[in-house]
Amino acid sequence: MQIKRIITIAAAALMAASSLTACSTGDATPTEVTVVTHDSAVFTDEVIAAFKAETGITIKQIKAGDAGAMTNKLVLTKDAPIGDAFFGIDNTFGGVALDNQIIDGELTAVDFGDVCLNYDKNWFAAKALAAPTTIADLIKPAYKGLTVVSNPTSSSPGLAFLAATVSVYGQNGFEQYWQDLKNNGVKVAAGWEDAYFTDFSGSSGKGAYPIVLSYSSSPAFEVREDGISQTASINDGCFRQIEYAGVLKNAKNKSAAEKLVKFLTEKTFQKSLPDSMYVYPVDTSVALPEAWAKWAPAATKPVGEELSISANRKTWLEQWSAIFSAN
Amino acid sequence: MKRLALWAGPLLFVAVLFYWPLGSIIGVGLSGDWLQTLVAPQVSSAIWFTLWQAALSTAICIVLGIPGAYVLYRKRFSGQKLLRAIITVPLVLPTIVVAISFSSFRGLPPILLIIVAHVFVNYSIAVRTIGGVWATIDNETEEAAELAGAGRFRTLISITLPQLKTAVVSAGALIFLFCATSYGIILILGGGLVNSVETEIASAATLFLDLPKAAALAILQTLLTIAAFAFSESITKGAIGIEQVDEGGPRPQLDKRDWLATAVTFTTIALLTLMPILVVLVRAFVHADGGLGLANFVNLAGRGDRDLLNISVGQAALNTLRNVSISTTISITLGTFSAYLLSRPIRGKRVFAQKFVNRVLDIGLLLPMGISSVVLGFGFLITFGGGPLPLRSSWLIVPLVQALMALPLVIRLVYPALISIGNDHREAASTAGANAGQTWWHIESRMIRTVIVTAIGYALVVSIGEFGAASLLAYGDQATLPTVLYALISRPGSTNYGMAMAVTAILISMTFVLVSAVSFRKKPQHRPSQNAVS
């Protein structure tokens with residue numbers, strides 16, 4: 000008897016503990032919507048206030064790593080989702096989201112950004128060396144030890160560039176390109192921030208590498224006091240990342256999530272995108288900031304649209320890791 | 000029967016939170032093509048790396064630890080206690096803090112850095128374990144050997160080392176275990192290019208959603224740790240612990256003839272222990288723009304550059320504080336209770352059967368110690384996501400997983416202490432009319448008070464620094480101090496790097512103060528027997 004009672008009490012206690020957070024369901028008029036994003040997503044105070052004024056709902060943001068880590072977290076937690084909506088799953092991970100059925104409805108495009116190599120104009124001017132113009136230049140001896148990229152297994156621009164090389168050099172040729180890059184002294188940083196802020200010579204870290212994997216928009220943020228950007232983007236081998244938003248399956252506040260996704264495609268939010276997230280609004284009628292026209296034009300011929308990334312990502316990354324693994 | 004009923008609490012806790020997730024992992028692991036997984040080139044190279052780096056780190060710790068044990072425990076000099084405290088600091092620091100401390104040297108080859116960081120953490124295990132035994136060996140045999148003309152080196156090899164063998168093996172197995180299950184250090188210092196079993200488990204689960212692969216590796220990792228653990232147990236019979244220090248006997252003053260051991264030890268402490276710590280302490284005051292000042296500390300009130308974090312570092316510290324108070328309360332209560340039940344004398348019939356049951360219970364409760372926190376976090380993720388017990392969506396999941404990890408340690412500390420105090424007092428109390436509860440409260444719990452305090456310390460250390468499981472289970476506003484630190488160090492732009500340095504400096508300073516307080520406190524007159532802590 001006693002055993003049974005203790006077990007019952009203990010089980011009841013565990014159950015009660017686990018349901019503590021599940022009590023807030025069933026509210027007819029939601030006042031808060033939880034949106035899961037990647038670490039670089041920003042909702043400015045104006046955006047949050049505008050959504051509140053329009054709908055009465057407060058945006059609560061949960062950052063969950065980079066686009067890949069965030070997508071996978073959403074898959075692993077899909078039975079009891081950690082939010083109502085998501086923003087920032089991109090076209091390299093959209094397939095994972097769809098295959099695993101974490102989305103209620105469809106993927107809604109919100110913005111895009113072009114992953115391109117950037118270089119430090121001052122560095123090349125000082126060395127009287129012509130700056131590279133294609134990604135094929137990076138494996139030439141003249142550019143030995145000058146490039147830093149980010150790890151494709153742990154960073155979304157890194158994965159985008161890996162996809163770009165598959166598109167340019169083909170399934171059978173991209174490994175050779177990376178082997179050549181490695182032989183030419185490419186540095187692989189863990190993430191975009193490491194590469195851009197620590198290793199790149201043209202930004203705040205004043206590192207040792209004058210060529211960095213970044214975005215076509217990055218030069219707009221390196222404009223110096225003379226009104227000229229210290230960096231430029233290489234308009235070759237660029238990969239266009241399209242970022243999506245959507246409602247999560249089993250969301251507690253589905254209606255609020257739907258309102259938020261719609262709001263993200265509307266003018267107020269679209270206008271905030273360039274300055275707060277360095278990306279281009281999907282709504283082309285939204286005017287870009289002045290500096291962007293001059294220093295941050297989108298890529299003219301992005302590559303990689305034809306690839307089926309979710310089906311091949313694992314294989315490509317394994318092939319890449321075989322070349323770069325330190326052990 | 001009554002005793003079985005009392006067992007229900009601890010057993011239910013371990014069954015639900017450990018054996019159920021373990022079962023899920025085994026189920027998922029065996030459902031896939033596990034053999035194919037384990038022989039894939041990248042996986043086998045990760046397994047091989049895990050083994051050799053752990054073996055090499057262990058060997059270096061032992062080689063440096065033997066002279067260290069001699070100088071810091073066999074001999075005597077002023078400042079000795081301070082040095083003992085200093086080398087203990089790295090052992091109790093959260094591993095993420097260690098990784099951040101060494102991230103300043105990221106220009107060096109990553110594998111070298113990982114091994115140095117592992118030696119940094121585990122050096123004191125070797126020194127303390129070997130030193131604890133060395134301090135108790137009497138000098139006479141050694142002196143006789145020297146009088147008979149044996150050189151110092153020969154005396155060391157043929158007389159002293161054989162007596163230290165058990166301590167060396169015990170320390171070695173423990174260090175190997177820690178290095179083989181190391182996660183945060185390899186993750187951060189490897190820059191994503193170094194793969195161990197542990198990082199492969201995490202990346203299979205969180206990057207590739209390849210649950211069968213993660214589970215197969217988790218099973219392998221568990222077998223590996225259990226083997227290391229069983230090996231250590233079989234050699235040492237659980238008789239040696241890192242808290243075992245006999246301050247009783249007089250120890251000779253350090254003299255000129257000890258120059259080699261002294262030089263090795265002082266150099267090790269200066270370069271291996273102090274240098275990385277000093278670098279962090281300095282960098283905590285260096286701003287992103289190169290100036291000096293307190294800006295990094297001021298920034299801790301915020302959420303990092305472009306509001307990277309979901310909550311401020313201060314709020315994460317509060318989460319950690321809340322989690323560790325809950326997890327420590329649970330692990331101390333259940334652990335002490337289990338130890339108490341295990342230590343009850345066996346009477347009446349079927350002694351053999353009862354002994355057998357006790358042994359099974361003992362092992363069953365200790366097994367969670369053989370599981371790495373990444374494996375446990377992964378098990379929780381696949382077990383408590385939905386289903387009958389959707390714990391994952393509750394913040395309690397993190398303190399519960401931490402309590403589970405600390406529980407075996409607590410039992411390991413308290414059980415031998417309870418055995419060592421014997422039965423006389425209990426019989427006396429019983430004769431005087433006290434019931435079991437009164438006896439426990441008024442007599443036994445007081446006799447083992449120092450051990451319980453030590454157990455609380457260990458439980459706190461385990462919970463505060465726990466990163467592997469929290470990185471898989473703590474989302475959004477539930478971030479803990481280690482997960483926030485990881486977010487900051489992996490997004491090092493502008494203010495974030497400095498903030499990570501500032502938190503690291505604060506944690507190192509706090510740890511140093513606590514460790515010093517413990518090492519310099521007055522020892523109680525009657526310490527529990529040496530075997531008490533193992």
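Going down the list, the sequences are from chains A and B. Those letters in the first sequence? Residues 0 to 326, per numbering that gives the first Met the number 0, in order. Those letters in the second sequence? Residues 0 to 533, per numbering that gives the first Met the number 0, in order. Backbone N, C-alpha and C define an ideal beta-carbon position, used for all residues, glycine too. It should be emphasised that the depicted structure is a prediction, and the values quoted were computed from it without experimental measurement.
Q.
I'd like to know if Ile110/B contacts chain A, where contact means its C-beta is closer than 8 Å to some C-beta of that chain.
A. yes
Q. Should Arg153/B be labelled buried (16 or more other beta-carbon atoms within 10 Å of its own) or exposed?
A. exposed
Q: Using beta-carbon positions only, say whether Phe511/B and Tyr182/B come within less than 8 Å of one another.
A: no
Q. Is Thr299/A buried or exposed, if buried means 16 or more other CB atoms sit within 10 Å of its CB?
A. exposed
**Q.** Through-space distance from Thr57/A to Thr43/A, alpha-carbon basis
**A.** 13 Å
Q. Closest Cβ-Cβ distance between Ser213/A and chain B: below 8 Å?
A. Output row for Ser213/A: interface = no.
Q. With a cut-off of 8 Å, does the C-beta of Ile322/A fall near any C-beta of chain B?
A. No, no contact with chain B.
**Q.** Where the alpha helix (DSSP H) containing Thr423/B begins and where it ends
**A.** With the sequence shown as reference, residue 423/B is identified as Asp, and Thr is not the correct amino acid for it. Where Asp423/B is concerned, the enclosing alpha helix (DSSP H) stretches over 423-430.
Q) Does Thr91/A get closer than 8 Å to chain B when you measure Cβ to Cβ? A) no
Q: Just tell me which of Cys237/A, Tyr243/A, Thr267/A, Asp274/A has its CA closest to the CA of Ala219/A.
A: Asp274/A
Q. How about Ile61/A and Lys181/A: are their beta carbons less than 8 Å apart?
A. no
Q.
Within 10 Å of its beta-carbon, does Leu128/A have 16 or more other beta-carbons around it, so buried, or fewer, so exposed?
A. exposed
(Q) Quick check on the DSSP output: the beta strand (DSSP E) that includes Val42/B runs from which residue to which? (A) Taken as a continuous stretch (DSSP letters only), Val42/B belongs to no beta strand (DSSP E), being part of the alpha helix (DSSP H) at 40-68.
Q: Taking 8 Å as the cut-off, decide whether the C-beta atoms of Glu197/B and Val42/B are in contact.
A: Against a cut-off of 8 Å, the Cβ pair of Val42/B and Glu197/B comes out as no contact.
Q) Does DSSP classify Val27/B as helix, strand or coil? A) helix
Q.
Given this structure, state the Cα-to-Cα distance separating Ile114/B from Ala4/B, to the nearest angstrom.
A. 47 Å
**Q.** For Cys22/A, three-class secondary structure by DSSP
**A.** Per-residue confidence for Cys22/A stands at a pLDDT of 44, beneath the threshold of 50, marking its modelled position as unreliable; the derived number appears in the next sentence. Note: Cys22/A maps to helix in three-state DSSP.
**Q.** Own chain residues within Cβ distance below 7 Å of Ala203/B, not counting five before or after
**A.** Taking Ala203/B as the centre and dropping the five residues before and after it, the same chain places the C-beta of Asp209, Lys212, Ala213, Leu216 closer than 7 Å to its C-beta, in chain order.
Q: Please determine if the segment 325-340 of chain B and the segment 397-405 of chain B are in contact, where contact requires at least 3 C-beta pairs separated by less than 8 Å.
A: yes
Q) On the three-pair Cβ rule with 8 Å, is the segment 92-100 of chain A touching the segment 63-74 of chain A? A) With a cut-off of 8 Å, the segment 63-74 of chain A and the segment 92-100 of chain A count as touching, because enough Cβ pairs lie within range.
Q | chain A within 8 Å of Pro389/B, Cβ atoms only | A | Chain A, which has a Cβ nearer than 8 Å to the Cβ of Pro389/B, makes this yes.
Q) For a contact meaning CB atoms closer than 8 Å, what does Arg490/B contact in chain A? A) Asp38, Gly190, Glu192
Q: Give the residues of chain A in contact with Arg305/B, contact being defined as C-beta atoms less than 7 Å apart.
A: Within 7 Å Cβ-Cβ: Val41.
Q.
Given this structure, state the Cα-to-Cα distance separating Ala258/B from Phe76/B, to the nearest angstrom.
A. Looking at the sequence shown, residue 258/B is not Ala but Trp. Each residue's alpha carbon lies about 13 Å from the other.
**Q.** Rounded straight-line distance, which links the Cα of Val350/B to that of Trp439/B
**A.** 24 Å
Q.
Please tell me whether Glu317/A has its Cβ less than 8 Å away from any Cβ of chain B.
A. At least one CB atom of chain B sits nearer than 8 Å to the CB of Glu317/A.
Q: Please decide whether Asp78/A counts as near chain B, where near means a Cβ-Cβ distance under 8 Å.
A: yes
Q: Starting from the beta carbon of Lys313/A, find every residue of chain B whose beta carbon is closer than 7 Å, and list them in chain order.
A: Within chain B, the residues near Lys313/A are Phe207.
Q | 6 Å Cβ shell around Gln162/B - same chain, five flanking residues per side excluded | A | The residues are Ile136.
Q.
Cutting at 6 Å between CB atoms, please list the residues of its own chain near Phe284/B, excluding the five before and the five after it.
A. Leu291
Q: Find out if the Cβ-Cβ distance for the pair Ala163/A, Phe111/A is shorter than 8 Å.
A: no
Q) Would Gly28/B count as contacting chain A if we go by Cβ distances under 8 Å? A) Cβ-Cβ to chain A under 8 Å: no for Gly28/B.
Q: In the DSSP assignment, find the unbroken alpha helix (DSSP H) run with Thr314/A in it and report its ends.
A: 308-323
Q. Using the rule of at least 16 other Cβ atoms within 10 Å of the residue's Cβ for burial, across every protein chain shown, is Asp225/A buried or exposed?
A. exposed
Q: Have a look at the DSSP bridge pairing and note the partners of Ala84/A.
A: Bridge partners of Ala84/A: Val34/A, Val246/A.
**Q.** Spatial distance of Ala21/A from Tyr474/B (CA atoms)
**A.** With a pLDDT of 44 at Ala21/A, under the threshold of 50, the modelled position of that residue is not reliable, and no figure is offered here.
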